[in-house]
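Numbering (my numbering), first residue to last: 22 to 571.
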């Protein structure tokens with residue numbers, strides 16, 4: 022996997038550094054035991070010209086691949102913003118539908134977006150994108166992972182689009198996958214916040230367009246807000262007459278100006294890790310091999326890395342590159358790799374800490390958090406033999422609306438709340454007072470019982486943590502009952518949200534209409550506003566028209 026470099030060095034320069042790192046520019050060795058052949062200046066010049074030509078071709082290929090991937094990514098984001106998934110799915114490749122039908126993928130993506138609200142903007146974080154020009158042997162081709170900072174109505178988050186262009190496919194680049202993540206908090210958040218600040222000031226210093234560096238500022242502000250921090254103002258533009266002093270001002274900002282923010286973080290909150298990242302960007306801005314300031318900055322990175330307790334393999338390559346006076350492009354690549362690897366390490370460390378507790382403890386916390394939600398939606402599919410039934414519901418503390426399709430295909434909707442109990446047989450066009458309130462209550466129990474702490478599921482079953490899985494673009498922790506079988510599963514997928522663990526998905530055996538059925542339930546809009554039909558008027562009895570939602 023190759024990391025894209027922009028704003029610091031050309032792709033060609035990066036290519037040279039990468040080849041140096043792989044030993045591809047070293048002198049040609051002779052036979053075993055023989056002395057290396059000494060090349061003439063003419064031979065060296067020819068070799069250098071051939072290598073330059075090869076790297077220019079590789080750079081052109083990389084630029085073409087990246088531009089194609091970005092164009093596809095922007096088309097998809099525009100389709101999401103417009104709510105036109107039919108148009109957007111034309112940019113997806115067939116491999117995305119190897120396990121799921123296109124309609125199911127569309128429904129899943131729509132459901133996720135509905136929970137987030139309308140997409141307001143999607144900003145590309147280009148320097149954090151990855152480019153792989155070859156791919157694995159079994160599926161060769163180029164792979165580009167585009168990283169976006171996306172702002173939806175209800176929250177901002179990160180999105181990763183994987184774009185693949187097969188070697189023998191003439192259809193061009195196609196989207197292979199999508200992953201969405203909440204903005205990081207804790208130590209990982211501190212590192213990513215520092216990286217965003219570093220990118221913003223560095224790219225701005227390079228006088229790149231605001232559209233290139235502004236996304237990092239916006240993501241940094243969003244992360245800071247989530248962590249209850251205040252982002253210090255970026256250093257001002259010194260103007261053309263003071264341009265030569267701008268670099269020193271930015272280095273001073275990264276080393277000292279950001280201290281008010283770091284003071285709000287203690288060591289347990291990622292202060293050392295964040296300072297190490299900020300120092301690394303100061304290093305990139307000031308970098309000239311062998312200079313005293315650069316060597317001091319390298320020493321600071323090493324000291325903070327050692328005191329933070331991070332594995333040495335994460336930060337030592339940067340320190341070694343400074344000592345070895347590596348080219349700037351190589352140091353840039355190592356810093357980018359360090360930032361990504363440190364963030365991933367901290368996320369994994371936090372996940373392992375959570376998973377180190379018992380599965381029962383994790384589920385009990387998730388059930389308690391579900392019980393504390395003021396609203397959510399749930400969709401359920403029930404399978405009994407060859408028959409299938411569906412239910413979906415919107416619930417608040419005061420009301421609920423359930424829509425269902427039975428095993429016989431009959432459709433029904435029910436309302437319960439302060440307005441009383443109502444039932445509709447024509448998909449909500451008209452309503453009559455529900456004389457069978459127990460059925461309505463039973464339907465609600467069916468949907469809530471898998472996540473209701475009152476049912477004491479963890480007291481009746483022993484669970485184990487199976488590990489982390491990516492489901493519909495989300496990282497979920499899978500917890501399974503030891504007694505579960507394929508015919509009688511009892512599995513939960515836990516979302517580690519900022520407010521604590523919650524249940525995203527459950528697969529259990531439930532009764533639907535007195536028929537035992539295999540049920541798959543998905544809980545969304547957790548704690549978010551939901552829409553429940555409000556009747557325009559509620560007479561004592563009889564039929565009333567459906568009203569507007571809220």
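Every residue, glycine too, gets a C-beta built ideally from N, C-alpha and C. Small disclaimer: the values here were computed from a predicted structure and weren't measured.
message: Just to confirm the assignment, what range does the beta strand (DSSP E) spanning residue 411 have?
response: 408-417
query: At what residues does the alpha helix (DSSP H) containing residue 106 begin and finish?
result: 106-109
message: So, at 7 Å on beta carbons, what are the nonlocal neighbours of residue 144 in its own chain, with the 5 sequence-adjacent residues on each side left out?
response: 169, 170, 236 and 239
- prompt: For the ligand HEM, any of its heavy atoms closer than 8 Å to the Cβ of residue 63?
  reply: Absence of the ligand HEM is noted for the structure shown, with no ligands found whatsoever.
query: What is the C-beta distance between residue 553 and residue 415, in whole angstroms, given that I count them as a contact (C-beta under 8 Å)?
result: 5 Å
message: Using a Cβ-Cβ cutoff of less than 6 Å, which residues in the same chain neighbour residue 470 once the five nearest sequence positions on both sides are dropped?
response: 476
N-terminal and C-terminal residue of the beta strand (DSSP E) that residue 449 is part of: Here residue 449 belongs to no beta strand (DSSP E), and DSSP marks it neither H nor E.
Separation of residue 335 from residue 428, as counted between CA atoms: 56 Å
- request: For the segment 465-517, list the beta strand (DSSP E) runs that are entirely contained and at least 3 residues long, ordered along the chain.
  value: 484-492 and 495-502
query: According to the neighbour-count rule (16 or more other Cβ atoms, all chains shown, within 10 Å of its Cβ), is residue 562 buried or exposed?
result: Legend: pLDDT at residue 562 = 45, less than 50; position of this residue unreliable, value from coordinates given subsequently. Classification for residue 562: exposed.
message: One question on the structure: do residue 185 and residue 150 come within less than 9 Å of each other, judged by their Cβ atoms?
response: no
query: How long is the line joining the alpha carbons of residue 556 and residue 545, rounded to whole angstroms?
result: 24 Å
task: Alpha carbon to alpha carbon, how far is residue 220 from residue 505? Give it in angstroms, no decimals.
output: 49 Å
task: Could I get the ranges of all uninterrupted alpha helix (DSSP H) runs contained in the segment 231-317, with 4 residues as the minimum, in chain order?
output: 231-247, 267-273, 280-284 and 292-307
- prompt: Which of the three DSSP states, helix, strand or coil, is assigned to residue 580?
  reply: With the chain represented from 22 up to 571, any question about residue 580 goes unanswered, as that position is not in the structure.
Beta-ladder partner(s) of residue 153, from DSSP: 164
query: Exposed or buried, which one is residue 425 when buried takes at least 16 other CB atoms within 10 Å?
result: buried
- request: Give me the Cα-Cα distance between residue 154 and residue 214, rounded to the nearest whole angstrom.
  value: 29 Å
- prompt: How close, in whole Å, do the beta carbons of residue 489 and residue 498 come, if the pair is a contact with beta carbons under 8 Å?
  reply: 6 Å
message: Checking the sheet assignment: what are the DSSP bridge partners for residue 348?
response: None, per the DSSP bridge assignment.
field: Same chain, Cβ closer than 6 Å to residue 66, neighbours up to 5 away in sequence not counted
entry: none
task: Look up residue 361 in the DSSP assignment and say whether it is helix, strand or coil.
output: helix
- request: Compute the beta-carbon to beta-carbon distance between residue 130 and residue 102, rounded to the nearest angstrom, for a pair I have assumed lies under 8 Å.
  value: The Cβ separation is near 13 Å, so there is no contact.
task: Give a yes or no on contact between the segment 284-297 and the segment 198-208, applying the rule of three or more CB pairs nearer than 8 Å.
output: yes
- request: Just mark residue 25 as buried or exposed, buried being the case when its beta carbon has 16 or more other beta carbons within 10 Å.
  value: In this predicted model, residue 25 has a pLDDT of only 43, less than 50, meaning its place in the structure is not dependable; the value taken from the coordinates is given anyway. So residue 25 ends up on the buried side.
- request: Kindly indicate the opening and closing residues of the beta strand (DSSP E) around residue 541.
  value: 536-545
field: 8 Å contact criterion, which residue 344 and residue 355 should meet: CB distance rounded
entry: Contact flag wrong, Cβ pair sits at about 12 Å.
query: Within this structure, are the beta carbons of residue 413 and residue 540 separated by less than 9 Å?
result: no
query: Roughly how many whole angstroms lie between the Cα atoms of residue 271 and residue 281?
result: 16 Å
- prompt: Going by beta carbon distance, what residues of the same chain come within less than 6 Å of residue 437, once the five residues before and after it are set aside?
  reply: 421 and 461
- prompt: Between residue 304 and residue 319, is the Cβ-Cβ spacing less than 9 Å?
  reply: yes
- request: Give the secondary structure of residue 533 by DSSP, where H, G and I count as helix, E and B as strand, and everything else as coil.
  value: strand
- prompt: What is the residue span of the beta strand (DSSP E) that residue 202 lies within?
  reply: 195-203
message: Is the beta carbon of residue 363 closer than 9 Å to that of residue 297?
response: yes
field: Residue ranges of each alpha helix (DSSP H) within the segment 372-401, 4 or longer
entry: 380-392
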